[in-house]
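Position 69 of the sequence shown, counting from 1, maps to 99 under this note's numbering, and the rest follow consecutively.
Cβ atoms here follow ideal geometry from the backbone N, Cα and C, with glycine treated the same way.
Remember, it's a predicted structure, so these values are computed and weren't measured experimentally.
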Amino acid sequence: MRFQYLIRGLRIFTTTRTTATLPQSFSRIPFPISRTTALKAAPAIPFLGSLFGSTAKAENSNMSYPDQRSEEEWRAVLSPEQFRILREKGTERPYSGEYDGQYPSQGVYTCAGCNAPLYKASHKFKSGCGWPAYFDSIPGAVTRHTDSSFGMERTEIVCSNCGGHLGHVFKGEGYPTPTDERHCVNSVSLKFTEDEDKAKSKA
31 MRFQYLIRGL
41 RIFTTTRTTA
51 TLPQSFSRIP
61 FPISRTTALK
71 AAPAIPFLGS
81 LFGSTAKAEN
91 SNMSYPDQRS
101 EEEWRAVLSP
111 EQFRILREKG
121 TERPYSGEYD
131 GQYPSQGVYT
141 CAGCNAPLYK
151 ASHKFKSGCG
161 WPAYFDSIPG
171 AVTRHTDSSF
181 GMERTEIVCS
191 NCGGHLGHVF
201 KGEGYPTPTD
211 ERHCVNSVSL
221 KFTEDEDKAK
231 SKA
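#1: In this structure, how does DSSP classify Gly181 when only helix, strand and coil are distinguished?
#2: So, at 8 Å on beta carbons, what are the nonlocal neighbours of Gly202 in its own chain, with the 5 sequence-adjacent residues on each side left out?
#3: Roughly how many angstroms lie between the CA atoms of Pro206 and Glu102, to the nearest whole one?
#4: Going straight from the alpha carbon of Ser94 to that of Ser100, what length do you get?
#5: Name, in chain order, the residues that DSSP records as bridge partners for Lys154.
#6: Determine the contact status of Pro134 and Ala146, defining contact as a CB-CB distance below 8 Å.
#7: Could you tell me which residues DSSP puts in a beta bridge with Leu234?
#8: With H, G and I counted as helix, E and B as strand and the rest as coil, what does DSSP make of Pro110?
#9: Use the C-beta contact count for Ala68: other C-beta atoms within 10 angstroms, 16 or more gives buried, fewer gives exposed.
#10: Check the C-beta distance from Ser179 over to His195 and give it rounded, since I have them as a contact under 8 Å.
#11: State the start and end residues of the unbroken beta strand (DSSP E) segment that holds Lys201.
#12: Reducing DSSP to helix, strand and coil, say where Ala122 ends up.
#13: What span of residues does the beta strand (DSSP E) with Arg212 cover, start to end?
#14: Indicate whether Trp161 and Pro110 have their beta-carbon atoms separated by less than 8 Å.
#15: Which residues in the same chain have their Cβ closer than 8 Å to the Cβ of Pro208, if we skip the five residues on either side of it in sequence?
#16: Looking at the structure shown, is Gln98 part of a helix, part of a strand, or coil, going by DSSP?
#17: Quick check on Gln112: buried or exposed, where buried means 16 or more other Cβ atoms within 10 Å of its Cβ?
#18: Do you know how far the Cα of Val215 is from the Cα of Ile187?
#19: List the DSSP bridge partners of Arg174.
#20: Going by DSSP, name the residue or residues bridged to Tyr149.
#21: Excluding sequence positions up to five away, which residues of its chain have a Cβ less than 7 Å from the Cβ of Glu128?
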């Protein structure tokens with residue numbers, strides 16, 4: 031419900047439009063400022079930032095993952111930003127991630143926490159959403175959870191090996207991909223290597 035009230039408030043103060051390329055769900059919202067500027071600022075504002083994160087903690091916490099490191103152990107190996115996103119289900123600002131505009135011809139994206147291979151370079155596509163987008167994952171590498179926060183149902187995706195938060199997956203948006211799915215993933219949750227064999231050996 032909060033999300034609906036927020037959208038109504040933004041519509042009331044509408045003064046300008048922009049032609050910036052954004053997800054279809056935002057393209058219908060008349061922002062009073064540049065959509066790109068608003069989206070970049072949103073995760074940094076406590077209330078708005080919560081809309082970009084996930085509260086699918088109860089279901090996730092009951093799952094058992096092969097990598098069972100404690101919170102203290104994760105803090106020792108992750109940067110503060112990696113810990114915030116991977117272990118506390120945060121979200122990086124759109125268009126700010128290292129891999130958002132990267133489209134390699136080969137290679138593998140692995141979990142930044144445990145190095146498990148998650149996506150192949152061939153899975154990545156240009157969505158214009160502000161985060162790295164993949165139409166599929168390596169079989170069994172990603173686990174899905176229902177996230178019903180803020181009056182809307184989304185599907186959270188986590189690393190199947192350590193439970194690290196990756197982002198969310200969306201269906202039926204009309205992208206010309208084999209699955210018509212968009213895995214919207216935080217760059218901070220990932221590492222990239224062109225050597226697929228090296229990625230497998232580190233896992």
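The short version:
#1: helix
#2: Asp210
#3: 43 Å
#4: 13 Å
#5: Tyr164
#6: no
#7: Any answer about residue 234 is impossible in this case: the structure gives the chain only from 31 up to 233.
#8: helix
#9: Unreliable placement is indicated for Ala68, whose pLDDT of 45 sits below 50; no coordinate value is reported for it.
#10: About 13 Å separates the two Cβ atoms, so there is no contact after all.
#11: His195 to Lys201
#12: Residue identity check: residue 122 is Glu in the sequence provided, not Ala. In this structure, Glu122 counts as coil in the three-state DSSP scheme.
#13: Glu211 to Val215
#14: no
#15: Phe165 and Asp166
#16: coil
#17: buried
#18: 8 Å
#19: Ile187
#20: Tyr139
#21: Ser217
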